[in-house]
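**Student:**
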């Protein structure tokens, strides 16, 4: 059983940073998704892919994984880049 730990990204539809400080532990898919013969929807029998655990810090998520013997891959948070410009820059 393997999983990945990453920090929740900012939603594209929000301007604030609510809930972006959470760290998530998400299990890697154990089997490939395949289309359902009747409906055509993609699915699999892997129930672990439905589980996402939220933690306050990366250390808490790592400790949880160590406690239960879960092999994890930590994805570092990319640095935030601010594009500072004034309203007048729109007319140049």
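Numbering (the numbering used here), first residue to last: 1 to 92.
Cβ coordinates follow ideal geometry from the N, Cα and C atoms, glycine included.
1) Since residue 65 is in the alpha helix (DSSP H), which residue starts that stretch and which ends it?
2) Buried or exposed for residue 41, going by 16 or more other Cβ atoms inside 10 Å?
3) Could you check where the beta strand (DSSP E) with residue 73 kicks off and where it finishes?
4) So, residue 72 versus residue 30, is the Cβ gap smaller than 9 Å?
5) If we count the other Cβ atoms within 10 Å of its Cβ and call it buried at 16 or more, is residue 25 buried or exposed?
6) Judging by CA-CA distance, which residue of 91, 54, 27 is the nearest neighbour of residue 69?
7) Run through DSSP, which three-state label would residue 85 get?
8) Using CA coordinates, which residue listed in 13, 22, 89 is at the minimum distance from residue 6?
**Tutor:** Reading it off the structure:
1) 58-67
2) exposed
3) 71-74
4) no
5) buried
6) 27
7) coil
8) 22
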